[in-house]
Amino acid sequence: MSQANPSVGQWALWRDRLLKLQSDKPHLVLLGLMLFLAFLAMDPATWFVLTISGMAMGTMLFLMASGMTLTFGLMSVLNLAHGAFISLGAFVGAVMLTGALGVYTVSPSLGWNLLAILPALFAAMAVAGVVGWLFEVIVIKPVYGDHLKQILVTVGGSIVLIQLIEVTWGANEIPVPRPGALRGAFVIEDWVPLIGGLVMEKFRMVALILGLTVYGLMLWVIDRTRLGILVRAGVENREMVEIQGYRIGLLFLGVFIAGSALAGLGGAMWGMYREIITAHMGEELMISVIVIIILGGLGSIRGCFYGALLVGLINLYIGYIEPRLAAVATVGLMVGVLMWRPQGLIPVIKV
Amino acid sequence: MSEPILTLTGVHADIDQYHILHGIELQVPRGELTVLLGRNGAGKSTTLRTIMGLTKVPRGSVTFNGKDITSWSTSRIARAGIAFVPENMGIFGQLTVRENLVLAGTHGPLDQARLDWLFDLFPPLKKFWDRPAGNLSGGQKQMLAIARAMVEPRDLLLVDEPTKGLAPAIIDDLATAFEELKAREVSILLVEQNFSFSRRLGQTVAVMNDGQVVHSGTMAELAQDSALQQDLLGLGLGAHQ
Ligand SMILES: Nc1ncnc2c1ncn2[C@@H]1O[C@H](COP(=O)(O)OP(=O)(O)OP(=O)(O)O)[C@@H](O)[C@H]1O
Ligand SMILES: [Mg+2]
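Structure (structure tokens):
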């Protein structure tokens with residue numbers, strides 16, 4: 013019994029730490045919990061592959077969702093046409109890869125392949141960004157501050173954009189060839205003692221690295237630059253940003269263009285990942301996008317990133333354990349998180 | 358005497374469907390501190406917000422530095438040289454103290470000498486430099502709010518009830534800051550309920566009631582005339598000595 017007291021003290025200490033962790037860093041707790049539970053539910057090699065793949069999927073979803081969370085956070089604009097920009101990016105990327113850059117994509121050299129992917133992604137971003145610019149000025153600007161009108165107008169705008177994509181590139185599905193060196197998988201035998209051999213799709217690694225790079229860049233802009241301070245300030249209190257002499261309308265426009273470009277980038281990546289695209293793919297992805305931005309806390313870039321990772325991971329884990337439940341799991345995740353934290357994982361405080 | 362820096366002529370203002378200001382006549386002399394007094398709900402805050410272009414002005418005009426700014430956007434008015442500290446202070450709680458000040462400096466990097474001056478006036482700003490401003494106490498937030506308006510030279514400062522809810526010692530610090538601004542001949546329009554504070558600082562005074570300016574004159578005159586105080590503000594003699 014003499015040892016009971018210190019150990020009770022220890023236990024209380026750990027409990028307090030844990031409670032603090034779950035209130036300060038709920039996203040890390042949830043991520044850790046999910047990784048751990050999945051690890052118990054499958055063999056280590058499968059777990060490793062699914063985890064990397066889920067994170068790759070998550071970072072692509074993050075690219076698509078980040079623009080939407082920022083436009084909502086900053087301007088409280090509900091842009092339900094965001095999905096159309098995802099499709100647009102996918103088509104522009106695919107057309108570049110099969111058309112102008114075709115010579116490089118069929119080459120078996122990884123260097124040439126990457127050199128082809130980058131301009132294709134830039135083109136996707138540029139076209140989505142320019143269309144986003146027009147869309148903001150023509151469709152969004154007249155309905156600032158009115159959510160009902162925003163829903164009606166952006167759903168209409170979405171239909172128009174998707175029709176335009178179909179008129180331009182046809183209504184059928186288009187196959188997207190992956191560049192030569194990025195087809196197939198790395199096969200590693202007896203790689204790590206615990207995990208053993210594994211098969212890892214190459215493109216997912218590229219997607220993961222690219223997604224993490226963009227996330228890092230965005231964090232740098234948001235955390236370190238004056239523009240980032242301005243965006244965070246605008247999310248918190250628009251009026252005060254104007255009172256300090258900044259033209260909030262220009263900031264809105266800039267963020268909207270960036271958000272559309274990111275949707276285009278995510279769409280182009282997704283197209284290469286799925287190897288097949290349709291004009292409606294963006295709309296189908298919007299459910300995940302909306303779950304992610306609500307899960308993460310509207311307007312929060314970090315929250316959006318972790319929300320996207322969680323959605324990507326749960327999709328693949330549950331898809332492996334019980335495929336029929338994969339779609340339900342995503343929504344279940346959101347409902348569970350909202351019951352625990354109604355403002356999302358990393359809420360943004362507004363005035 | 359030179360032109361007033363700010364003149365409101367017959368200004369009406371609407372918020373939604375409500376008609377709040379009914380023909381304000383107000384002049385803020387250049388290089389002086391003008392106090393705007395009045396009972397709760399008289400329209401003082403609305404007057405400041407109207408100057409900043411934050412309400413609709415169906416009639417009347419606002420002239421600043423000889424320019425008619427009535428229909429200008431808020432950001433343009435700010436860039437023309439008016440700083441505004443609203444009643445709720447408008448601190449960005451998620452930003453650090455440093456970031457709040459960086460954003461307030463619209464002409465580029467902050468001037469170190471001016472920053473040191475602000476640190477002298479408000480030491481907590483230096484101490485909590487890299488902390489989220491949302492964690493500051495009410496008084497420290499008010500210091501930050503005023504420091505933001507001072508971080509670059511401005512022609513006119515509009516400050517809404519800076520002493521609200523603050524302890525006497527901090528109110529003293531704020532008074533010192535306003536004295537220093539006066540010494541630098543910054544024009545200030547201050548809304549203030551604390552009469553001993555406003556009497557100490559104010560050179561000119563305007564009193565509002567029900568959306569109109571009902572009295573304007575020098576502070577010295579009002580400070581000596583307790584019958585007038587009683588009449589305009591309902592202040593008991595000696596209650597706020
Ligand atoms: N958003 C609003 N909607 C409707 N009425 C408003 C609004 N804001 C202010 N008012 C009304 O306008 C009048 C003037 O308000 P204002 O805030 O300017 O008064 P004030 O002199 O600053 O008062 P206080 O000393 O209490 O701060 C009040 O009658 C108030 O009820
Ligand atoms: Mg007021």
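Protein chains in written order, with my numbering: chain A, 13 to 363; chain B, 358 to 598.
For each residue, glycine too, the CB sits at the ideal point set by N, CA and C.
C-alpha gap between Ile152(A) and Met284(A), whole angstroms: 30 Å
In the DSSP assignment, what are the bridge partners of Glu178(A)? Paired residue(s): none; Glu178(A) is not in a bridge.
Just to confirm, does Ile377(B) get its C-beta within under 7 Å of one of the non-hydrogen atoms of ligand 1? yes
Measuring alpha carbon to alpha carbon, tell me which residue in Ser583(B), Ala506(B), Arg488(B) is nearest Gly438(B). Ala506(B)
Hey, does Arg259(A) have any beta-carbon neighbour from chain B nearer than 8 Å? yes
Ala399(B), DSSP secondary structure in three states: coil
Below 8 Å CB to CB, which residues in the same chain sit around Ala596(B) once its five sequence neighbours on both sides are set aside? At Ala596(B) the pLDDT is 42, less than 50, meaning the model places this residue with poor confidence; the figure from the coordinates comes in the next sentence. For Ala596(B), where only same-chain residues beyond five positions count, there are no Cβ hits under 8 Å.
Identified DSSP bridge partners for Leu381(B): Looking at the sequence provided, one finds Ile at residue 381(B) rather than Leu. Ile381(B) is bridged to Val368(B).
Quick check: is any heavy atom of ligand 1 less than 7 Å from the C-beta of Asp373(B)? yes
Could you tell me if the beta carbon of Asp567(B) falls within a distance shorter than 7 Å of some heavy atom in ligand 2? no
Minimum length 4: unbroken alpha helix (DSSP H) runs contained in the stretch 91 to 173 of chain A: 94 to 110, 114 to 118, 122 to 147
Tell me whether Gly380(B) counts as near ligand 1, meaning its Cβ is closer than 7 Å to at least one heavy atom of that ligand. no
Verify whether the separation of the beta carbon atoms of Ile313(A) and Thr81(A) is less than 8 Å. yes
Ser430(B) by DSSP, collapsed to three states: which one? coil
Near-chain A residues of the stretch 410 to 435 of chain B (beta-carbon distance less than 9 Å), N- to C-terminal order: Gly410, Leu411, Ser430, Thr431, Ser432, Arg433, Ile434, Ala435
For ligand 1, is there a heavy atom less than 7 Å away from the beta-carbon of Lys401(B)? yes
What is the residue span of the alpha helix (DSSP H) that Val301(A) lies within? 293 to 308
Taking all protein chains shown into account, decide if Ala406(B) is buried (16 or more other Cβ within 10 angstroms of its Cβ) or exposed. Sequence check: residue 406(B) is Arg here, not Ala. So Arg406(B) counts as buried.
Strand pairing of His376(B), partner residues [DSSP]: Asp371(B)
Leaving out the 5 sequence neighbours to the left and right, which residues in its chain are closer than 8 Å to Pro354(A) when beta-carbon positions are compared? none
Within a Cβ cutoff of 7 Å, which residues of the same chain sit near Leu378(B), ignoring the five residues on either side of it in sequence? Val368, His369, Ala370, Gly400, Thr403, Thr404, Thr407, Gly568
Cα-Cα, which of Gly66(A), Arg236(A), Phe103(A), Ile64(A) is closest to Glu456(B)? Arg236(A)
Using the Cα positions of Ile426(B) and Glu251(A), report the straight-line distance between them to the nearest angstrom. 18 Å
Near Leu585(B), what residues of its chain come up, given a Cβ to Cβ distance below 7 Å and the 5 sequence neighbours on each side ignored? Leu579
Does any residue of chain B have a CB that is nearer than 8 Å to the CB of Leu307(A)? no
Please name the residues in the stretch 57 to 68 of chain A whose beta-carbon is closer than 9 Å to at least one beta-carbon of chain C, in chain order. Chain labels in this structure do not include chain C; the protein chains are A and B.
Would you call Ser14(A) buried or exposed, if buried means 16 or more other Cβ atoms sit within 10 Å of its Cβ? A caution first: Ser14(A) carries a pLDDT of 47, below 50, which makes its placement in the model unreliable, though a value can still be read off. Classification for Ser14(A): exposed.
Please compile the residues from chain A whose C-beta is within a distance smaller than 7 Å of the C-beta of Ala602(B). A question about residue 602(B) goes unanswered here, because the residues of chain B that appear run from 358 up to 598.
Reduced DSSP secondary structure (H/G/I, E/B, other) of Met54(A): coil
Kindly indicate which residue of Met230(A), Ala24(A), Ala136(A) has the alpha-carbon position closest to the one of Val267(A). Met230(A)
Contact check, Gly157(A) vs Leu310(A), beta carbons under 8 Å: no
Going by Cα to Cα distance, which pick from Val516(B), Trp429(B), Leu390(B), Ser418(B) is closest to Gly380(B)? Ser418(B)
Assuming Ile434(B) and Gly410(B) make a contact with CB atoms under 8 Å, what is their CB distance in whole Å? 5 Å
Just tell me which of Ser170(A), Val253(A), Trp232(A), Gly228(A) has its CA closest to the CA of Gly294(A). Ser170(A)
Measure from the C-beta of Phe320(B) to each C-beta in chain A and report whether the shortest distance is under 8 Å. The question about residue 320(B) has no answer here: the residues shown for chain B are numbered 358 through 598.
For a quick check, are the C-beta atoms of Phe103(A) and Ile174(A) less than 8 Å apart? no
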